[in-house]
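Residue numbers (the numbering used here), protein chains in the order written: chain V, 1 to 453; chain Y, 454 to 906.
All C-beta atoms in this analysis are idealised placements derived from N, C-alpha and C, irrespective of residue type, glycine included.
Note that the structure is a prediction, hence the values are computed from the model and not measured.
Just below is one structure, and these are the notes that go with it.
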């Protein structure tokens with residue numbers, strides 16, 4: 001009984017697997033490419049928080065199959081249960097087998113529910129998972145609910161709260177253990193600004209308290225905090241974080257890194273030279289320290305998909321830098337927030353002596369033009385070398401590409417004087433004034449501090 | 454009779470002079486700084502095209518005096534008529550004299566009216582000049598006019614037309630000599646897209662024809678084209694270009710460059726070591742060829758102001774690169790356009806063998822989220838080295854900072870593989886999907902062409 005063999009076999013159909021499949025067929029049109037995904041109708045992952053109000057229907061938020069079909073990627077819906085590395089074959093839950101020459105694992109991450117939270121198995125308790133059927137159920141539950149408690153004030157939690165606050169007649173509460181929401185990714189001043197935006201939309205935010213249990217008989221009726229406070233809830237969504245899904249890789253004997261994700265080299269190769277791992281299941285390292293860093297970002301997943309595919313048949317050195325800078329973007333209460341690289345707090349925790357430059361400037365000139373707001377920017381430089389190590393911004397939608405510009409500046413190890421003399425374009429309807437362009441204004445502020453010190 | 458002496462004397466109060474004054478007082482708080490400007494109430498230059506409809510009043514578009522006063526910059530309204538370099542004194546139209554240690558010339562550029570156009574001296578004919586009183590008159594005239602002809606379809610012409618098309622009951626016509634508007638700065642496909650936006654707003658565009666004369670008895674009644682066609686007009690605005698205003702520098706015996714602007718070195722020093730020139734009056738060179746290039750941009754003017762001030766008392770090497778990339782941004786019919794570096798046409802004219810990568814991707818994911826449009830991007834690479842030499846984009850407001858990101862990529866001599874593996878952030882409400890991020894998608898397109906060639 002022959003097993004169908006594929007040149008490139010990809011396990012997983014979300015951002016990483018999807019990008020790997022497209023890239024593979026574009027780069028190697030003659031190769032036979034198979035993608036095996038556990039569930040059909042894969043949602044666009046980053047937009048999941050917006051399903052209930054902004055997007056309204058799960059079916060309007062799917063990664064389209066058409067590009068895969070047009071390029072000739074074969075797609076199977078099944079769950080891979082075993083990798084036989086000696087015969088280079090994977091086996092699935094339905095009993096099928098597929099052979100591979102090169103295997104790419106994109107098994108993603110799974111939501112983490114702290115065992116300390118009792119009652120997480122009650123009806124009405126959800127995690128955010130990239131599964132169409134589960135998301136449909138969650139959406140139904142949200143529609144019926146009056147009181148929704150979100151456990152965890154990271155990006156997914158605050159984006160979900162922001163979206164739900166657009167629905168009429170819902171009481172939305174976030175419970176965050178740290179002193180502020182988003183504190184793992186933003187410095188306090190930006191985190192506080194984000195919280196204020198949420199509060200203005202009617203979201204209640206409880207910080208500095210853990211959820212001890214979810215109570216209710218059969219069905220969730222509320223959460224109980226560490227101080228005994230009870231908050232009634234019809235639906236509880238737990239989004240306190242994710243863990244790399246490495247079960248398949250682990251069972252196949254692939255090396256797992258110190259952080260618990262699949263160990264990979266710079267080109268996404270695992271300990272087996274014919275098996276690559278990409279996306280949330282693969283270990284990532286910091287651009288600054290080389291240490292493992294949990295960076296669960298679709299943008300990085302897609303980047304890794306490309307790096308893996310380009311280097312599948314021998315190294316082509318297709319990689320711009322070692323380690324990840326990390327660029328996070330979000331929108332809260334209509335205001336965009338971005339961060340690239342290290343926050344001031346992170347930099348100090350790493351033992352870095354920093355100088356910070358800040359500015360707050362209108363994003364139009366004059367500042368009365370349509371779309372005008374004050375855009376805040378903060379640049380974090382290493383004091384000795386003057387090298388940019390991080391940046392944060394909040395403001396209009398320009399913050400997205402401004403953050404990406406700053407991510408590039410970090411990658412190219414730009415210094416305070418490089419940014420002070422940056423070449424940039426401005427336009428009254430689109431940007432800050434050339435007199436006070438965001439990056440230059442903040443770099444000048446840092447320069448004056450460096451000079452004075 | 455003593456002459457008051459200043460450490461730093463700046464001639465000119467628009468973007469360059471204004472930025473120089475602010476930067477000087479921030480960097481050298483103890484120095485005595487004087488700015489002499491020819492007219493009061495200096496308008497924010499780049500927003501002048503938006504005065505009639507969007508901004509509505511000249512007084513809402515002024516460079517604020519407050520920051521100058523707060524920092525202690527002295528401001529005089531007078532016209533400098535002479536520089537006495539031996540005694541280091543400038544003299545003014547009103548008969549005053551001011552001494553300087555360091556002199557910064559920011560005399561700008563003046564609109565150019567081709568002598569071939571007859572009748573340009575008729576009443577009702579205007580140029581765009583940074584003078585409050587003239588702009589007030591122009592605005593009055595536009596208010597009364599029914600038919601407005603704009604001669605010249607460069608950035609100022611199309612932005613003015615775009616703004617005027619928002620007013621009720623005006624017939625706006627652009628006459629452009631080249632085959633398309635904006636063709637000096639954009640490749641044809643983007644120029645055509647911009648024209649379509651203007652036409653959709655009711656602007657008539659006549660291309661490939663020159664204006665031979667402006668006719669009328671005493672007052673302009675219309676323009677006559679090279680083919681004899683007559684277009685009636687109550688107001689004619691000539692914006693076919695500007696020329697550096699070097700009269701003062703020239704009379705003082707400072708070296709004028711081959712392009713007709715004041716010759717300066719990398720640090721904005723003129724042929725007199727105590728005199729600097731910045732902004733539109735100073736010669737600029739191309740980042741790519743080192744040849745003089747007419748880049749009349751407020752962003753470059755402000756950049757040069759900072760470079761001059763930082764290097765005023767001995768070189769501090771405060772300069773990020775030699776020559777200017779040039780980043781132009783505009784908005785037409787609500788769509789943003791950006792260009793950084795060379796267009797494909799310019800690159801080919803310089804004899805460069807290029808490979809072009811293009812992409813058109815939704816700027817939201819899924820593409821039905823608020824603010825969604827298809828953003829087009831074009832990257833121009835040198836074929837041999839794979840180095841990015843230019844980029845163009847059109848789409849939502851994200852195009853502004855995307856263009857600035859690409860300007861930085863040009864400055865850092867990023868290659869096609871650098872951009873293919875660029876680290877970037879994405880967010881459903883703010884950017885393209887991570888699967889098809891603008892820059893990466895276009896770089897991949899170029900890569901496939903390079904590989905196939």
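Identity of the residue in the options nearest residue i by Cα
i: residue 660 of chain Y; options: Y:882, Y:893, Y:627 and Y:676; result: Y:627
i: residue 427 of chain V; options: Y:750, Y:836, Y:889 and Y:652; result: Y:750
i: residue 486 of chain Y; options: Y:493, Y:464 and Y:566; result: Y:464
i: residue 166 of chain V; options: V:54, V:316 and V:28; result: V:54
i: residue 767 of chain Y; options: Y:581, Y:555, Y:521 and Y:641; result: Y:555
i: residue 818 of chain Y; options: V:48, V:65, V:286 and V:447; result: V:48
i: residue 864 of chain Y; options: Y:778, Y:708 and Y:731; result: Y:778
i: residue 161 of chain V; options: V:441, V:197 and V:231; result: V:197
i: residue 387 of chain V; options: V:395, V:231 and V:418; result: V:418
i: residue 459 of chain Y; options: Y:844, Y:476 and Y:489; result: Y:489
i: residue 121 of chain V; options: V:221, V:270 and V:8; result: V:221
i: residue 430 of chain V; options: Y:850, Y:553, Y:562 and Y:523; result: Y:850
i: residue 813 of chain Y; options: Y:644, Y:612, Y:692 and Y:847; result: Y:847
i: residue 583 of chain Y; options: Y:836, Y:799, Y:563 and Y:557; result: Y:563
i: residue 43 of chain V; options: V:128, V:26 and V:170; result: V:128
i: residue 164 of chain V; options: V:290, V:154 and V:147; result: V:147
i: residue 68 of chain V; options: V:92, V:22, V:4 and V:94; result: V:22
i: residue 635 of chain Y; options: Y:886, Y:845, Y:885 and Y:852; result: Y:845
CB contact check: residue i to chain V, cutoff 8 Å
i: residue 619 of chain Y; result: no
i: residue 759 of chain Y; result: yes
i: residue 633 of chain Y; result: no
i: residue 499 of chain Y; result: yes
i: residue 864 of chain Y; result: yes
i: residue 773 of chain Y; result: yes
i: residue 508 of chain Y; result: yes
i: residue 752 of chain Y; result: yes
i: residue 781 of chain Y; result: yes
i: residue 843 of chain Y; result: no
i: residue 521 of chain Y; result: no
Close Cβ partners of residue i (< 6 Å) along its chain, the five nearest in sequence each way excluded
i: residue 302 of chain V; result: 15 and 19
i: residue 598 of chain Y; result: 687 and 688
i: residue 416 of chain V; result: 381, 386, 443, 446 and 447
i: residue 90 of chain V; result: 80, 83 and 98
i: residue 553 of chain Y; result: 459, 462 and 541
Neighbourhood of residue i by C-beta, 8 Å cutoff - its chain only, sequence neighbours within 5 removed
i: residue 200 of chain V; result: 333
i: residue 678 of chain Y; result: 628, 659, 662, 663, 664, 665 and 684
Neighbourhood of residue i by C-beta distance below 7 Å, restricted to the same chain and skipping five residues each side
i: residue 51 of chain V; result: 58, 61, 135 and 139
i: residue 760 of chain Y; result: 720, 721, 771 and 772
i: residue 703 of chain Y; result: 709
Any chain Y beta carbon closer than 8 Å to residue i
i: residue 203 of chain V; result: no
i: residue 276 of chain V; result: no
i: residue 60 of chain V; result: yes
i: residue 418 of chain V; result: yes
i: residue 42 of chain V; result: no
i: residue 239 of chain V; result: no
i: residue 245 of chain V; result: no
i: residue 360 of chain V; result: no
Cβ separation of residue i and residue j, assumed to be a contact under 8 Å, to the nearest whole Å
i: residue 261 of chain V; j: residue 244 of chain V; result: 4 Å
i: residue 773 of chain Y; j: residue 408 of chain V; result: Rounded, the Cβ-Cβ distance is 14 Å, inconsistent with contact.
i: residue 741 of chain Y; j: residue 807 of chain Y; result: With 8 Å as the limit, residue 741 of chain Y and residue 807 of chain Y do not qualify as a contact, their Cβ atoms being about 12 Å apart.
i: residue 578 of chain Y; j: residue 603 of chain Y; result: With a Cβ gap of about 12 Å, residue 578 of chain Y and residue 603 of chain Y do not count as contacting.
i: residue 827 of chain Y; j: residue 815 of chain Y; result: 6 Å
i: residue 494 of chain Y; j: residue 585 of chain Y; result: 4 Å
i: residue 186 of chain V; j: residue 403 of chain V; result: Not confirmed; about 12 Å, so no contact.
i: residue 858 of chain Y; j: residue 105 of chain V; result: With 8 Å as the limit, residue 858 of chain Y and residue 105 of chain V do not qualify as a contact, their Cβ atoms being about 32 Å apart.
i: residue 763 of chain Y; j: residue 480 of chain Y; result: 7 Å
Minimum Cβ-Cβ distance from residue i to chain A less than 8 Å
i: residue 429 of chain V; result: No chain A is part of this structure, whose protein chains are labelled V and Y.
Pair every Cβ in the stretch 823 to 837 of chain Y with every Cβ in the stretch 667 to 687 of chain Y, then say whether three or more of these pairs are closer than 8 Å.
-> No contact exists between the stretch 823 to 837 of chain Y and the stretch 667 to 687 of chain Y.
Would you call the stretch 345 to 352 of chain V and the stretch 320 to 330 of chain V in contact, with 3 or more CB pairs under 8 Å?
-> No, the stretch 345 to 352 of chain V is not in contact with the stretch 320 to 330 of chain V.
Decide yes or no for the touch test of the stretch 176 to 190 of chain V against the stretch 77 to 91 of chain V: beta carbon pairs closer than 8 Å, at least 3 of them.
-> No, the stretch 176 to 190 of chain V does not touch the stretch 77 to 91 of chain V.
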